Ligand SMILES: [Zn+2]
Ligand SMILES: [Zn+2]
Ligand SMILES: [Zn+2]
Ligand SMILES: [Zn+2]
């Protein structure tokens, strides 16, 4: 962050080497997206597809086994798909939910009449082949949270439902359907509670799933948990050590993207989930830095970019006149400037959202974004969410534009660097998006032969990946590969200069410190203090013995930070 921008909190993984905590959930119903339905198995969501359903000629499976175990879910959509090949995700999903709902209802009646509680405990409710397979839930689909009344008042939402239901009714088998009101009850629960299912490396959304137990957890814009998917299994993971995943009151994940500012986030949450967010982050005045502006007088007069909040009670110098004053130069911001800044934020949002419609050409797009950047860089600071999102939108374009490799690396690194404080703020704890950002920065530094910086970012990225996904996950392994590479080039450099370094202890210490995290620095400081104490004692002792006080080189190596000593 450039000097003068508002300071933003940075919190990382709390403890080094602590165990990742996670909890698994199985879906009540799930469905692939229209864009992925031809490329993934409809049962296990694996990436190979060898079989196509004979009847509908649409559904794909990786194996005969998956076709059999997925038969129950597919049964309800197969006929309709035979009649209409392009039934979309929402329509297929509703058919699957109705199917499960009808059978679970039937099962319940069946159980009440014929099966005793003991039978359920004995597992006799699993008689329908493939129906349960790991998919029990603590509650029934009708018990989960709903917003039927809000949705009924929402014309847009009702139009969406009507369209889905009409298609399902038109192409569906009557014996497999439910009445319109029950369908609406199920649809509204699905729309409020469903989760997106990502592919295994967490990079791409491939489907939607309704997880009856996972949706008990509430939203927070400052989540302390995250869920990711491995096939149909959703895994909720703690983002730091003090999270109790069993406690639904204190564990939160996010329903939305985290970079937007509070106004945008509240708008998104209200639109789909019908509530005004008052999570820890939304009620934190710090979050108002995300819509701050640069003081027009300070920036003109000095190098110092003083930023000023426009939102929140604390923004006003005078709460009656709603005056906003720079507390450095005491200039009152004029209305025109404020409107210009707000308009700038709106323009940036529209520019990003509409860019793909204007052009697909990366050079064109980059020019459009650069234009917006130049127009607002003297008004909006780097802590501004809109400005940062504009810069983030430019990153993938750099890779698609013709330039020399070095130019590309430098340009990409510069954009990553500019966003870094924002990324640290938005993804407060050990978050995969933060780790990906650092991984990319590490890779760029590595290619530019800045081994020290590469090692620093890759160590941080690896620590997060390892914590979240475990050392066997491919992202952890990939990051470790890059980290080891950076550390070994660094060590090679170090070894060849080891003599020089030994003769220049100051330089050696500086190099070591550059590679250390806060915790490690503190540990080293403490160790040094203790050593000094010990040495003082030893010196006193030695002086009295008349022996030499010169320290051996071996002693020094023992004090190298753990990461280097491991090499
Ligand atoms: Zn499969
Ligand atoms: Zn079929
Ligand atoms: Zn919030
Ligand atoms: Zn000022």
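In this note's numbering, the protein residues as written are 8 to 574. Just so you know, even glycine gets a beta-carbon here, dropped at the ideal spot from N, CA and C. All values reported here derive from a predicted model rather than from experimental measurement.
- When beta bridges are read from the DSSP output, residue 216 appears opposite 37 and 202.
- In summary, residue 381 is exposed, with fewer than 16 beta-carbon neighbours lying within 10 Å of its beta-carbon over all protein chains present.
- Residue 286 and residue 63 have their C-alpha atoms spaced approximately 46 Å apart.
- Residue 236 holds the alpha-carbon nearest to the alpha-carbon of residue 211 among 236, 392, 95 and 187.
- Shown here, residue 232 sits in a strand according to DSSP, grouped into three states.
- Not one heavy atom of ligand 1 sits closer than 7 Å to the Cβ of residue 216.
- Counting only the Cα atoms, residue 177 lies some 50 Å from residue 426.
- Nearest neighbour of residue 395 by Cα position, chosen from 431, 536 and 478, turns out to be 431.
- Between the segment 364–384 and the segment 394–408, the count of Cβ pairs shorter than 8 Å is three or higher; the stretches touch.
- By the Cβ neighbour-count rule, residue 346 is exposed, with fewer than 16 other Cβ atoms within 10 Å of its own.
- Partner residues in the beta bridge of residue 243, as assigned by DSSP, are 30 and 234.
- Under the 10 Å beta carbon count, residue 81 is surrounded by 16 or more other beta carbons and is classified as buried.
- In the three-state reduction of the DSSP assignment, residue 67 falls in the strand class, which pools E and B.
- The residue from 148, 156 and 48 with its alpha-carbon nearest to that of residue 201 is 148.
- For residue 78, the shortest separation between its Cβ and any heavy atom of ligand 2 does not lie below 7 Å.
- With contact defined as three or more Cβ pairs closer than 8 Å, the segment 357–365 and the segment 322–333 are not in contact.
- Assignment of beta-bridge partners to residue 56 by DSSP yields no partner.
- A direct Cα-to-Cα measurement between residue 180 and residue 35 gives close to 21 Å.
- By the criterion of a C-beta distance shorter than 6 Å, residue 43 is surrounded in its chain by 213, once the five residues flanking it on both sides are discounted.
- In this chain, the alpha helix (DSSP H) harbouring residue 86 covers 78–90.
- Residue 28 and residue 260 have their alpha carbons spaced roughly 14 Å apart.
- Counting of Cβ neighbours within 10 angstroms places residue 174 among the buried residues, the total reaching 16 or more.
- If you check the CB distance, residue 246 and residue 230 come in under 8 Å.
- Residue environment: residue 145 is assigned as exposed (fewer than 16 neighbouring CB atoms within 10 Å of its CB, all protein chains considered).
- Around the CB of residue 68, 16 or more other CB atoms lie within 10 Å, so the residue is classed as buried.
- Between the segment 449–469 and the segment 273–284 there are fewer than three inter-stretch CB-CB distances shorter than 8 Å, so the stretches are not counted as touching.
- Counting the other Cβ atoms within 10 Å of the Cβ of residue 270 gives fewer than 16, which makes it exposed.
- For ligand 3, a non-hydrogen atom lies closer than 7 Å to the CB of residue 272.
- Secondary structure of residue 248 (DSSP, three-state): coil.
- Of the candidates 87, 56, 93 and 50, the residue whose Cα lies closest to the Cα of residue 75 is 50.
- Minimum Cα-Cα distance from residue 295 among the listed residues 453, 190 and 433 corresponds to 433.
- When 472, 55 and 33 are compared, the shortest CA-CA separation from residue 241 is found for 33.
- For residue 386, there is no enclosing alpha helix (DSSP H), as DSSP marks it with neither H nor E.
- A distance criterion of 7 Å places the beta-carbon of residue 435 beyond contact range of ligand 4, judged by its closest non-hydrogen atom.
- Residue 326 has its CB no nearer than 7 Å to any heavy atom of ligand 3.
- Cβ-Cβ distances below 8 Å link residue 154 to 195, 199, 280 and 281 in the same chain, with the five nearest sequence neighbours on each side left out; the list follows chain order.
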